[in-house]
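Each residue of the sequence shown is one higher than the one before, counting from 99 in the numbering used here. Just so it is clear, CB atoms sit at the ideal spot from N, CA and C, and this is done for glycine as well. The structure displayed is predicted, hence computed values, not measured ones. The next block holds one structure in the form of structure tokens; read it before the comments.
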Amino acid sequence: MKYIIAPSILSADFGNLQRDIEMINQSEADWFHVDVMDGVFVPNISFGFPIMAAVKKHATKPLDVHLMIVQPDNFIGEFAKAGADRITVHYEACTHLHRTIQLIKASGCKAGVALNPHTPVTLVQDVIEDLDLVLIMSVNPGFGGQQFIHNTYKKVKDLKRLIQGRNEELIIQVDGGVGLQNISALVSAGVNSFVAGNAVFATDNPTDTIAKMKSLTVNSLS
Ligand code: DX5
Ligand code: ZN
Numbered sequence: 099m100k101y102i103i104a105p106s107i108l109s110a111d112f113g114n115l116q117r118d119i120e121m122i123n124q125s126e127a128d129w130f131h132v133d134v135m136d137g138v139f140v141p142n143i144s145f146g147f148p149i150m151a152a153v154k155k156h157a158t159k160p161l162d163v164h165l166m167i168v169q170p171d172n173f174i175g176e177f178a179k180a181g182a183d184r185i186t187v188h189y190e191a192c193t194h195l196h197r198t199i200q201l202i203k204a205s206g207c208k209a210g211v212a213l214n215p216h217t218p219v220t221l222v223q224d225v226i227e228d229l230d231l232v233l234i235m236s237v238n239p240g241f242g243g244q245q246f247i248h249n250t251y252k253k254v255k256d257l258k259r260l261i262q263g264r265n266e267e268l269i270i271q272v273d274g275g276v277g278l279q280n281i282s283a284l285v286s287a288g289v290n291s292f293v294a295g296n297a298v299f300a301t302d303n304p305t306d307t308i309a310k311m312k313s314l315t316v317n318s319l320s
């Protein structure tokens, strides 16, 4: 089993963005997690294409773009052009989710769907074969540094059951309040992709924290 650590650049120091990107390049991290917020779907605005372009220019690892925006269909082509390798849209933001997933794939990216804490995993059961990744939000989206919601464990187990015999290659990602304190338990529940913002960037030695996270995933019983 391959475990993926995806530091969220939302928690980076934007005044020293190149330095933080290089830190991730040199670390054991696997992907760059890129949180795009529009101030409509979530009560916060993060950044858009200019920052994406700066990240793409320096990053040597795939960009995992998490769109917390309404009407994502309008921007999927542009995010793909800006260098996204994977695009995850929110279930709650897509009226025609099946169409949106096909759009992502047609743009050449891997497709993911994110579920807010109140959204049951059963709501993606009819598109599960079409997906590369399901992101289970373990906080309400909008901000870094929030507290992990415990019901996430149950949802991960529900999703594990749902993909059995249907899409066992699906990546189960968790985002929000993830860190050294809960990563082993999440591995045991079935998570294989971990987004971490504060847990990485608010520590004295982010490179070392990423290495510790990686070794916890590899050494936990799954
Ligand atoms: C929350 C974002 C997360 C966030 C995670 O809306 O989707 O990716 O950056 O931050 P932490 O790890 O600090 O909870
Ligand atoms: Zn995110």
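Could you please give the first and the last residue of the uninterrupted alpha helix (DSSP H) stretch that includes residue i?
| i | result |
| --- | --- |
| F299 | 296-299 |
| A196 | Note that residue 196 corresponds to His in the displayed sequence, not to Ala. Unbroken alpha helix (DSSP H) run through H196: 195-204. |
| T43 | Here the chain covers residues 99 to 320 and nothing more, so residue 43 does not appear. |
Return yes when the C-beta of residue i is under 7 angstroms from any heavy atom of the ligand ZN, and no when it is not.
| i | result |
| --- | --- |
| H188 | no |
| V153 | no |
| V211 | no |
| H131 | yes |
| V358 | This structure leaves residue 358 out entirely; the chain is present only between 99 and 320. |
| S106 | yes |
| D128 | no |
| D273 | yes |
Does at least one heavy atom of the ligand DX5 sit under 7 angstroms from the Cβ of residue i?
| i | result |
| --- | --- |
| V163 | no |
| A297 | yes |
| G146 | no |
| P160 | no |
| S125 | no |
Helix, strand or coil for residue i per DSSP?
| i | result |
| --- | --- |
| T158 | coil |
| I167 | coil |
| P141 | coil |
| I102 | strand |
| S109 | helix |
| Q116 | helix |
| I146 | Correcting the residue type first, residue 146 is Gly in the shown sequence and not Ile. Residue state, collapsed to three classes: coil. |
Assuming contact is defined by CB atoms lying nearer than 8 angstroms, are residue i and residue j in contact in what I supplied?
| i | j | result |
| --- | --- | --- |
| V163 | I119 | no |
| I122 | S291 | no |
| I107 | F139 | no |
| N142 | F246 | no |
| L231 | Q271 | yes |
| A287 | V254 | yes |
Name, in chain order, the residues that DSSP records as bridge partners for residue i.
| i | result |
| --- | --- |
| Q271 | L233, S291 |
| T186 | H164, G210 |
Can you name the start and end residues of the beta strand (DSSP E) that residue i belongs to?
| i | result |
| --- | --- |
| V134 | 130-135 |
State yes or no: is the C-beta of residue i nearer than 7 angstroms to some heavy atom of the ligand MN?
| i | result |
| --- | --- |
| P239 | Absence of the ligand MN from the depicted structure is noted, with the ligand DX5 and the ligand ZN being the only ligands included. |
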